[in-house]
Amino acid sequence: MLRKIYWKEMKDSFRDSRTLLLTVLLPIIMMTGLVFFYEMLMTDSTEGETYRLAISDTASEEQKLIFSPIENIELIETDDVKQKVEEGKAQAAIVFEDNFSENIASQQHTTITVYGDSFSKKSSELMQLVEVALVTMESNIVKERLLAEGIADSMVEPFHLQYEEIAEDEGAAKMLAFLIPMILILAIGIGASPAASDMFAGEKERKTMESLLMTPVNRTTMLVSKGLTITSIGLFIGLLTLIVVTVEIYFFTEQLRAALEAINGIGTVIGISVGIVIIYSVFTASILMITSIIAKTVKEAQSYVTPILLLGMFPAMFMTMIGVNELNMFHFSIPILNMFSIIKELFAGIIDYKHIALFVMTNLIVAIVLFVISRMLFLKDKWVMS
Amino acid sequence: MIEMKEVTKRFQDKKKSVTALNHVSFSISKGETVGLLGENGAGKTTLLRAIATLISPDEGTIEVNGSDTVKQPGEIKKNIGVLFGGETGLYERLTARENLEYFAALYGLSKHETKVRIDELSKMFGMKDFLNRKVNGFSKGMRQKVAISRTIIHNPEIILFDEPTTGLDITSSNVFRQLVHQLKQQGKTIVFSSHIMEEVSMLCDSVAMIHKGELVYNGMLEDLYKEEQSEDLNYIFMSKLVRGNGEYAS
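From first to last, the protein sequence lines stand for chains A and B.
Using my numbering, you'd call the opening residue of the first sequence number 140 and step up by one each time.
Using my numbering, you'd call the opening residue of the second sequence number 622 and step up by one each time.
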């Protein structure tokens, strides 16, 4: 009987154009967008890019030469530098104070003003390049002055500060560890919710629930069949997400691909990821079942799902502030948070089976508790009658 | 045979308790067609749901063919078919045949039994032309035929209809009346709630009138006409409500 209800629910769900749109098309578009957005964030955007810097047409050759080491800055000479930026003809502008060179030579204080739009990515990047050039110039002037006074530059700069990353491509790996679980949570939740809403709230709304309850099939069998259908749809979309994301990263990105290739034991990682999708689909199905049982209409069920999905995004923000070596049992015991934690470990090359077991156990325990609550609700007339 | 004894059902509406059925007792014989009359909210649907084992009475008992609705709901479900509304309870994305096959499977019919039964119902209700089409393109009349077929797919002895012609046009209502007539000829026990007195006069052997959860009349239609010296069921219904409770206001 369970099999018959299951197949009917699968058939009914996949014949629904809304389910198909939300289950297949929308997550693929969303995933593609996210992958390319993060690839763009990871790419050194200043490379190969030409920036236009407005400079006063009265600027001296010496002042123009400050930017000559930076190949991708094109100087736009004009009598109104600020206007050029406002019109969008230059991304930033620089104004040297009158008698700038003379003031420097006579060791008088002088000012340089940089105009730019910090809300524009290109303008911010150009301002950063300008700052680097000016800091270099400032450092050279200080060194020359000290030398003239017979003082070694080590007097004012006693040490060099040097940063070195432990892991290569750590930024890209971190980005993947954030991106993959976030995409999975959204895709499984968004993908399975139309079918879940339809299976209980929809049945009540269409009055098919009463016909179903009139059959001799017991309610627990109905609940399990419907739960399995929601889990299967979540699993389908989760696996589809993994495949699409992997293919897109391998064939259409550079930074994210390099991060993926740098992971040791990629086969094991993919295997564990599939396991994560299975467990998370069960967990999601148990939540969606309750929302659909409580709701009287599909619309009401959807209104419960949206804030729950948004709540699922909070751990993503929380996890960005935590390093992989700072993860402890707490992070692996809380559903959703533990999905981010496990994937973070995996992308850092750590496979800790104790943590994986904790992830599986806690998610299944919560799913079982939610299923028991669903059963209690489903056995009560109040929640099943329209 | 359906036997109701002192059936009471209360619902909790926010902070107050609403009595939907108040000590209702009456019986329905095998092969009888009973019209359940009452205003909106009188308790007709609650009574039908209780007979169908979908809800349990707070007090009293209901026995269907000797089985208690609370203690043996499984036994009763095998012998009862229910249709709430005239054309509801169908899966829109499935074909008419798939709808019928699904419910046949839920009632435990074998593949062969299902095929024979669907052929039988298709001939009976003239559904051959649309049996393999998805329900979402059906007219109300077509849906109604499929919904009734779904209700009796397992060939139940007792059939309950809750306001089956509400919202239907004249043609679809007539289709329903013809179908009920056919089921009557097959010796089925039929209980249906309705607001349409003409329909009840035409199809029923007896009536049960419910007002504010209480049974104000139950008996054979012929006896009622004699007793009231009128065959205007509309008039009789109104006067029964006034006399039964002494407080009727429309």
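A virtual CB, placed ideally from N, CA and C, is assigned to each residue, including glycine.
All values reported here derive from a predicted model rather than from experimental measurement.
What E303(A) touches in chain B, judged by beta-carbon distance under 8 angstroms, is nothing: the nearest beta carbon there is about 60 angstroms away.
The beta carbon of F751(B) does not come within 9 angstroms of any beta carbon belonging to chain A, so the residue lies off that interface. Contact annotation for A673(B) against chain A: M353 [CB-CB distance below 7 angstroms, chain order].
Note on geometry: alpha-carbon atoms of L268(A) and M276(A) lie some 13 angstroms from one another.
When secondary structure is reduced to three states using DSSP, H802(B) falls in the helix class.
Against T347(A), the close residues of chain B are T709, G710, L711, Y712, in the order they occur along the chain (beta-carbon pairs closer than 8 angstroms).
Excluding the 5 residues flanking it on each side, V437(A) has same chain C-beta neighbours closer than 7 angstroms at S336, D337, A340, G341, E344, in chain order. Residue-level contact check: K365(A) does not touch chain B, since none of the beta carbons of chain B fall below 9 angstroms from its beta carbon.
Contact of K698(B) with chain A by beta-carbon distance below 8 angstroms involves M353, T354, P355. About 4 angstroms separates the CB atoms of G659(B) and I831(B); that is less than 8 angstroms, so the two are in contact. Ranked by Cα distance from G652(B), the first of E820(B), I780(B), V639(B) is I780(B). Taking C-beta separations shorter than 7 angstroms and ignoring five residues to either side along the sequence, the partners of A229(A) in its chain run R191, L192, A193, I215, K223, following chain order. From the beta-carbon of M524(A), the residues of chain B found nearer than 9 angstroms are R670, L675, I676. I324(A) carries a helical assignment under DSSP once its states are collapsed to helix, strand and coil. At least one C-beta of chain B is nearer than 9 angstroms to the C-beta of S350(A). Bridge partners of H832(B) according to DSSP: E835(B). The beta-carbon of A663(B) is placed no less than 9 angstroms from the nearest beta-carbon of chain A. Under the three-state reduction of DSSP output, A312(A) falls in the helix class. The alpha-carbon separation between Q850(B) and K365(A) amounts to approximately 56 angstroms. A direct Cα-to-Cα measurement between L752(B) and S743(B) gives close to 8 angstroms.
Proximity of chain A to R771(B) at the Cβ level (cut-off 9 angstroms) is accounted for by S350, in chain order.
Separation of H775(B) and L715(B) (C-alpha to C-alpha, rounded to the nearest whole angstrom) is 19 angstroms. M841(B) is bridged by DSSP to S827(B). In this structure, the beta-carbon distance from M478(A) to P446(A) does not fall below 9 angstroms. The C-beta of Q806(B) has fewer than 16 other C-beta atoms within 10 Å across all chains shown, which makes the residue exposed. Interface with chain A (9 angstroms Cβ-Cβ cutoff): Y723(B) is included. Annotated three-state conformation of A193(A) is strand, per DSSP.
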